[in-house]
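Student:
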Amino acid sequence: MASYVQDFSEGGKDQKDLLGGKGANLAEMTRLGLPVPPGFTITTDACRAYMRTGHLPPELRVQVTMAVRRLEDALGRGLGDFHEPLLVSVRSGAKFSMPGMMETVLNVGLNDASVIGLAELAGDERFAWDSYRRLIQMFGRTVLDIDGDRFADTLDEAKAAKGVAQDVDLDAADLRRLVEAYKEIVRAESGREFPQHPREQLDLAIVAVLRSWNTDRARLYRRRERIPDDLGTAVNVVSMVFGNLGPTSGTGVAFTRDPATGHSGDYGDYLANAQGEDVVAGIRNTLSLAEMEQVSPQAYGELRQAMRRLETHYRDLCDVEFTVERGKLWMLQTRVGKRTAPAAFRIATQLVDEHLITMDEALARVSGAQLSQLMFPRFDAGAERTLLTRGMAASPGAAVGAAVFDSATAEARAAGGEDVVLVRRETNPDDLGGMIASVGVLTARGGKTSHAAVVARGMGLTCVVGADELDIDLGARSMKVGGHEVAEGDVIAIDGSTGEVYLGAVPVVASPVSTYLAEGLDAALAQAGPDQETAELVRSVHRVLTHADETRRLRVHANADTAEDARRARSLGAQGIGLCRTEHMFLGERRVLVERVVLADDDAERQAALDALLPLQREDFAALLTEMDGLPTTIRLIDPPLHEFLPDLTELAVKVAVAAERGEPDPHDVKLLAAVRRMHEANPMLGLRGVRLGLVVPGLFALQIRAVCEAAADRIAAGGHPHAEIMVPLVGSVMELHLVRDDALRIMAEVGAGRGVELDLPVGVMIELPRAALTADRIAEIAQFFSFGTNDLTQTTWGFSRDDVEGAFFPEYLANGVLTVSPFETIDTKGVGRLVRIAVEEGRATRPDLSVGVCGEHGGDPESIRFFDAVGLDYVSCSPFRVPVARLEAGRAAI
Ligand code: PEP
Ligand code: MG
810 MASYVQDFSE
820 GGKDQKDLLG
830 GKGANLAEMT
840 RLGLPVPPGF
850 TITTDACRAY
860 MRTGHLPPEL
870 RVQVTMAVRR
880 LEDALGRGLG
890 DFHEPLLVSV
900 RSGAKFSMPG
910 MMETVLNVGL
920 NDASVIGLAE
930 LAGDERFAWD
940 SYRRLIQMFG
950 RTVLDIDGDR
960 FADTLDEAKA
970 AKGVAQDVDL
980 DAADLRRLVE
990 AYKEIVRAES
1000 GREFPQHPRE
1010 QLDLAIVAVL
1020 RSWNTDRARL
1030 YRRRERIPDD
1040 LGTAVNVVSM
1050 VFGNLGPTSG
1060 TGVAFTRDPA
1070 TGHSGDYGDY
1080 LANAQGEDVV
1090 AGIRNTLSLA
1100 EMEQVSPQAY
1110 GELRQAMRRL
1120 ETHYRDLCDV
1130 EFTVERGKLW
1140 MLQTRVGKRT
1150 APAAFRIATQ
1160 LVDEHLITMD
1170 EALARVSGAQ
1180 LSQLMFPRFD
1190 AGAERTLLTR
1200 GMAASPGAAV
1210 GAAVFDSATA
1220 EARAAGGEDV
1230 VLVRRETNPD
1240 DLGGMIASVG
1250 VLTARGGKTS
1260 HAAVVARGMG
1270 LTCVVGADEL
1280 DIDLGARSMK
1290 VGGHEVAEGD
1300 VIAIDGSTGE
1310 VYLGAVPVVA
1320 SPVSTYLAEG
1330 LDAALAQAGP
1340 DQETAELVRS
1350 VHRVLTHADE
1360 TRRLRVHANA
1370 DTAEDARRAR
1380 SLGAQGIGLC
1390 RTEHMFLGER
1400 RVLVERVVLA
1410 DDDAERQAAL
1420 DALLPLQRED
1430 FAALLTEMDG
1440 LPTTIRLIDP
1450 PLHEFLPDLT
1460 ELAVKVAVAA
1470 ERGEPDPHDV
1480 KLLAAVRRMH
1490 EANPMLGLRG
1500 VRLGLVVPGL
1510 FALQIRAVCE
1520 AAADRIAAGG
1530 HPHAEIMVPL
1540 VGSVMELHLV
1550 RDDALRIMAE
1560 VGAGRGVELD
1570 LPVGVMIELP
1580 RAALTADRIA
1590 EIAQFFSFGT
1600 NDLTQTTWGF
1610 SRDDVEGAFF
1620 PEYLANGVLT
1630 VSPFETIDTK
1640 GVGRLVRIAV
1650 EEGRATRPDL
1660 SVGVCGEHGG
1670 DPESIRFFDA
1680 VGLDYVSCSP
1690 FRVPVARLEA
1700 GRAAI
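Below you can see the structure in the form of structure tokens.
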């Protein structure tokens, strides 16, 4: 006979799958000899069987009978007994905590007979009737689906009739009448009597708790928290203890350390003469544990002992719920407690110092997400603020500045010393200058991988995207949102960690952890000054991160395009550059040169334009290689569709038409318009870009390769140790790579010969198309390294446009469960990840020493980093500001 029931005395904390979190920990506390009210757990197997078949497994009935009898025998009471009634609570408890999402029924076992027994047992008639009316109310709502307001209204009427405001002012007779009224509600609303048979109450309550696993709100919560739907909940049947039996009774919650700050010592709240729900409801002010010692010294002493025992046993911060019944302590729940990010780091190293855990365990107990929370300045939590709207949190931080609506204004005002927040419908490569000049960026359109989001993250710039309530009127230089009108120059504040947008300035507090990461421990301790708490936090982060660096297998590189980014990345611990996007080097005043390349009538004209770009590119690369001396520096050849460097088609067409009307057409514009029309594409991200561009526009890749080679040769001549690598984007066929590599080898030889050095720059490929992944064995015959461009690989595998989908239909897809997280944020291991795995295996089969990394946005995502470690990549490359997070997560992945 399958077993669906387990007494608390039989289980343990490692059985969360079967017993749920609450049941497993109740069992563990029982095993430890702590005072847990006796009870049993109906396992998640029963819930899964119920979900499958729609009814309880037949064995369960018998097993519950046996468990109830054991309980009755242990306590010397009986369910429904007239003299010595046993009351139980029926509580949900899934593997992962889902606070408030599922149901609980208390006081099961009370009926018209046992209420008398309870009154006798407790010596308190009022208490007994109050317990009974609570049962009918909870049972009616939870089991019989009766609207809870029906009971609440009737309770209010009873108080009004008596002229009192508080529940406690109702006496036993009032409550007895209320019980009758409640029974009447049950009759009227459900068409049946309130069940008097305690076993029927118990069975129905069990089914109600099981059913509550699949309510809409529970499903929604699971989707948001990414908890699988098929786990099911356990049901805990626990003998009731009462905290509301007078002044020597009470109930409370406590932590073994402060979950907000990490300070050691017991923390908690206690409410005398109350039940658990009263603490949560905040009806009366709670007492601190120190004050509890005054009113219930013995129970307090036992509680402290129990808490120390639990912390020693779990070797971590625990939280507990407890009840004191007439001076006797009962432990109702414990678990390893949630904590804030600073507390997580502090507690982890405290426990190492107390020799309770190892450094590996300390590393496992903090996360990259927590570290990044500590890195960014935040708005002062206590400060007043006016919320304008919410968008998507695209790049964390807190930015306050004057709203400006175009990049030129941003640059002009910033040059005058003003902090500005650039507000755009969406950004494009042209906005780069404006973004650099701003303290934050806010867009009305686009998702987390839109241009604004990617560039802002790369720069560590606070950014909120897709705030679609913004109604921007560029002509009027203002925007309307949430009933406010914000004119250019009005101060706004944006929170890149929450996506919130505020009107006016909100005070910002700086992060000592980011000082530590960028400038080292001494600088951060100096900033902390006499603030011991902050100093301790910084030291904790330092210790844990150092351990992560010692532990990890993955190297961490950064995506950096300029020498300045590279410097920042190195100071944050980057061990190389995994992606230098060279297209940013063609913007600004160099744009005209690109235009000249495109418009050239003949080879000579094109070559002249390319020649003009050469020294500029060489300087870019020289600066980068100087900064990254001795470290791998992967330079990607130009990738985006050329039209991004050319004027907007519509604007230019209008300009030309207007000029033609006046009879003064500008021949340059006319020619440019023809070129722009020629290059216009319906799907530019799938068009003439990446290696295709290199093969179709003569001389463009050659120019860049030459610039890299010359810069490297110059560095060698100057005594440096450049490790430049040339990376070819968007390759789909090995033949494409062949052609580029032949060119590269020729240029290397030419430059080497010209400068008297031997140049042997590795030439590698970005794997960004499914076809590249699926033909990795052939590509590896030519490519010396692979770097997964998982942004494009996700786009092309799913067929999702990376620039549009997040705003367009992802919200819907996340709500209906097609997606649990954006695949642009966390790698889709089943689909895109499978391609990665295939490419790694097949690439290495061809070339065992193939270096393999990732430079898509996923390189900085904690969950994705685990996956990249598991599939054996050599490095992850991410935005400079994500580097510390990646270091930490790579360490965690290795333990
Ligand atoms: C990618 O596609 O993952 C990548 C890194 O390249 P980009 O984002 O520049 O297309
Ligand atoms: Mg790409």
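Yeah, the sequence shown ends on 1704 if you go by the working numbering, and it's all consecutive.
Where is the CB? At the ideal position from N, CA and C, for every residue including glycine.
1. If you drop the 5 nearest sequence neighbours on each side, which residues of the same chain put their C-beta closer than 7 Å to that of glutamine 1593?
2. For serine 1688, tell me which candidate among Pro1205, Gly1000, Ala1521 has the shortest Cα-Cα distance.
3. I need the straight-line Cα distance from alanine 1695 to glutamate 1672, nearest angstrom please.
4. Run through the stretch 1407 to 1484 for me and flag every whole beta strand (DSSP E) of 3 or more residues, listed as ranges in chain order.
5. By the three-class DSSP mapping on this structure, what secondary structure does glycine 1091 have?
6. Keeping to the same chain, check which residues put their C-beta closer than 7 Å to that of lysine 822; ignore five residues upstream and five downstream.
7. Counting only the same chain and skipping the five closest in sequence on each side, list residues whose C-beta sits under 7 Å from that of isoleucine 1712.
8. Can you pull every residue whose C-beta falls closer than 6 Å to some heavy atom of the ligand PEP, listed in chain order?
9. Please look up how many angstroms separate the CB atoms of valine 1347 and alanine 1333, rounded, as I've assumed it's under 8 Å.
10. Would you say alanine 1521 and leucine 1434 are within 8 Å of each other, going by their C-beta atoms?
11. Between which two residues does the beta strand (DSSP E) carrying arginine 942 extend?
12. Can you tell which of Arg1144, Glu1220, Gly1529 has its C-alpha closest to the C-alpha of lysine 825?
13. Among all the DSSP beta bridges, which residues are the ones paired with glycine 1249?
14. Put arginine 857 into one of helix, strand or coil per three-state DSSP.
15. Taking 7 Å as the cut-off, does the CB of proline 1538 come closer than this to any heavy atom belonging to the ligand MG?
16. May I ask which residues mark the beginning and end of the alpha helix (DSSP H) holding glutamine 1010?
17. Identify the continuous alpha helix (DSSP H) that holds cysteine 1518 and give its terminal residues.
18. Please work out which residues of its chain come closer than 8 Å, Cβ to Cβ, to methionine 1288, disregarding the five sequence neighbours upstream and downstream, and give them in chain order.
19. Which one or two residues does DSSP pair with valine 1295 in a beta bridge?
20. For lysine 1137, list the residues DSSP reports as bridge partners.
21. Identify every run of the beta strand (DSSP E) within the stretch 1328 to 1364, keeping only runs that are complete inside it and at least 3 residues long; order them along the chain.
22. Just list the residues that DSSP pairs tyrosine 1684 with in beta bridges.
23. Return the CA-CA distance between glycine 1055 and arginine 1135, expressed in angstroms with no decimal places.
24. Going by the beta-carbon positions, is the gap between glycine 1200 and valine 1310 smaller than 8 Å?
25. Just to confirm, are isoleucine 955 and isoleucine 994 a CB contact at a threshold of 8 Å?
26. Is the Cβ-Cβ distance between isoleucine 1514 and aspartate 1552 less than 8 Å?
27. By the three-class DSSP mapping on this structure, what secondary structure does proline 894 have?
28. Would you be able to state if there are at least three C-beta pairs under 8 Å between the stretch 942 to 959 and the stretch 991 to 1010?
29. According to DSSP, is glutamate 912 part of a helix, a strand, or is it coil?
30. Considering only the beta carbon of each residue, do leucine 964 and serine 940 sit closer than 8 Å?
31. Who are the near neighbours of valine 1560 in its chain, counting only those whose CB is closer than 8 Å to its CB and skipping five residues on each side?
32. Of all the options Gly1563, Val1566, Thr1606, which has the alpha carbon lying nearest to the alpha carbon of alanine 1582?
33. Does the Cβ-Cβ distance between valine 1318 and aspartate 1189 come in under 8 Å?
34. Any chance you could list the beta strand (DSSP E) runs of at least 3 consecutive residues sitting entirely within the stretch 1524 to 1600, in chain order?
35. What is the DSSP secondary structure of leucine 1054, counted as helix, strand or coil?
36. Tell whether a beta-carbon distance below 8 Å holds between phenylalanine 905 and glycine 830.
Tutor: Straight from the coordinates:
1. Reading the sequence shown from its first residue, position 784 is the one you call residue 1593. Result list for glutamine 1593: Pro1571, Val1572, Gly1573, in chain order.
2. One-based indexing of the sequence shown puts residue 1688 at position 879. It is Pro1205 whose Cα lies nearest to the Cα of serine 1688.
3. Mapped onto the sequence shown, residue 1695 falls at position 886. Mapped onto the sequence shown, residue 1672 falls at position 863. Their Cα atoms are separated by approximately 10 Å.
4. 1441 to 1445
5. Here residue 1091 is taken as the residue at index 282 of the sequence shown, counted from 1. Confidence at glycine 1091 is low in this model, with a pLDDT of 48, below 50, so its placement is unreliable and no value can be given for it.
6. Taking the sequence shown and counting its residues from 1, the one referred to as residue 822 is at position 13. These residues qualify, in order along the chain: Ala833, Asn834, Glu837.
7. Only positions 810 to 1704 of the chain appear in this structure, which leaves residue 1712 out of reach.
8. Leu1388, Arg1390, Asp1448, Glu1577, Gly1598, Thr1599, Asn1600, Asp1601, Cys1664, Gly1665
9. Position 538 of the sequence shown holds residue 1347. Position 524 of the sequence shown holds residue 1333. Yes, they are in contact, since the Cβ atoms of valine 1347 and alanine 1333 sit about 4 Å apart, within 8 Å.
10. Taking the sequence shown and counting its residues from 1, one reaches residue 1521 at position 712. Taking the sequence shown and counting its residues from 1, one reaches residue 1434 at position 625. Yes, Cβ-Cβ distance for alanine 1521 and leucine 1434 is below 8 Å.
11. The residue you call residue 942 lines up with position 133 of the sequence shown. Run containing arginine 942: none in the beta strand (DSSP E); it sits in the alpha helix (DSSP H), 934 to 951.
12. Position 16 of the sequence shown holds residue 825. Comparing Cα positions, the closest option is Arg1144.
13. Counting from 1 along the sequence shown, the entry for residue 1249 is found at position 440. Paired residues: Val1230, Thr1271.
14. Sequence index remark: in the sequence shown, residue 857 carries index 48 (1-based). In this structure, arginine 857 counts as helix in the three-state DSSP scheme.
15. As a first step, residue 1538 is located in the sequence shown; it is residue number 729 there, counting from the start. Yes.
16. Taking the sequence shown and counting its residues from 1, one reaches residue 1010 at position 201. Unbroken alpha helix (DSSP H) run through glutamine 1010: 1007 to 1020.
17. Against the sequence shown, residue 1518 aligns to sequence position 709. Run containing cysteine 1518: 1509 to 1526, per the alpha helix (DSSP H) assignment.
18. For the purposes of this step, residue 1288 is taken as residue 479 along the sequence shown, with counting starting at 1. Excluding positions up to five away in sequence, the list reads Ala1212, Phe1214, Val1232, Leu1279, Asp1280, Ile1281, Asp1282, Glu1294, Val1295.
19. The count along the sequence shown starts at 1 and reaches residue 1295 at position 486. In the DSSP output, where bridge partners are listed per residue, valine 1295 has Met1288.
20. Numbered from 1 along the sequence shown, position 328 holds the residue referred to as residue 1137. Paired residues: Glu1134.
21. none
22. Counted from its first residue, the sequence shown places residue 1684 at position 875. Answer is Arg1364, Gly1662.
23. The residue you call residue 1055 lines up with position 246 of the sequence shown. The residue you call residue 1135 lines up with position 326 of the sequence shown. About 7 Å.
24. Reading the sequence shown from its first residue, position 391 is the one you call residue 1200. Reading the sequence shown from its first residue, position 501 is the one you call residue 1310. In this structure, valine 1310 lies closer than 8 Å to glycine 1200 by Cβ.
25. For the purposes of this step, residue 955 is taken as residue 146 along the sequence shown, with counting starting at 1. For the purposes of this step, residue 994 is taken as residue 185 along the sequence shown, with counting starting at 1. Closer than 8 Å, so yes.
26. Position 705 of the sequence shown, counted from the start, is the residue given in the question as residue 1514. Position 743 of the sequence shown, counted from the start, is the residue given in the question as residue 1552. Yes, Cβ-Cβ distance for isoleucine 1514 and aspartate 1552 is below 8 Å.
27. As a working mapping, residue 894 is identified with position 85 in the sequence shown. If DSSP states are grouped into helix, strand and coil, proline 894 belongs with the strands.
28. yes
29. Taking the sequence shown and counting its residues from 1, the one referred to as residue 912 is at position 103. The answer is coil: DSSP assigns glutamate 912 none of H, G, I, E or B.
30. Stepping through the sequence shown from its first residue, residue 964 is reached at position 155. Stepping through the sequence shown from its first residue, residue 940 is reached at position 131. Cβ distance not < 8 Å, so leucine 964 and serine 940 don't count as in contact.
31. Taking the first residue of the sequence shown as 1, we reach residue 1560 at position 751. Excluding residues within five positions, the ones whose Cβ falls inside 8 Å are Arg1515, Cys1518, Glu1519, Ala1522, Leu1568.
32. Numbered from its first residue, the sequence shown carries residue 1582 at position 773. Minimum Cα distance to alanine 1582 is reached at Thr1606.
33. On the sequence shown, residue 1318 is found 509 positions in, with the first residue counted as 1. On the sequence shown, residue 1189 is found 380 positions in, with the first residue counted as 1. Contact: yes.
34. 1532 to 1537, 1572 to 1576, 1594 to 1597
35. Your numbering for residue 1054 matches position 245 in the sequence shown. In this structure, leucine 1054 counts as coil in the three-state DSSP scheme.
36. Taking the sequence shown and counting its residues from 1, the one referred to as residue 905 is at position 96. Taking the sequence shown and counting its residues from 1, the one referred to as residue 830 is at position 21. The answer is yes: Cβ separation under 8 Å.
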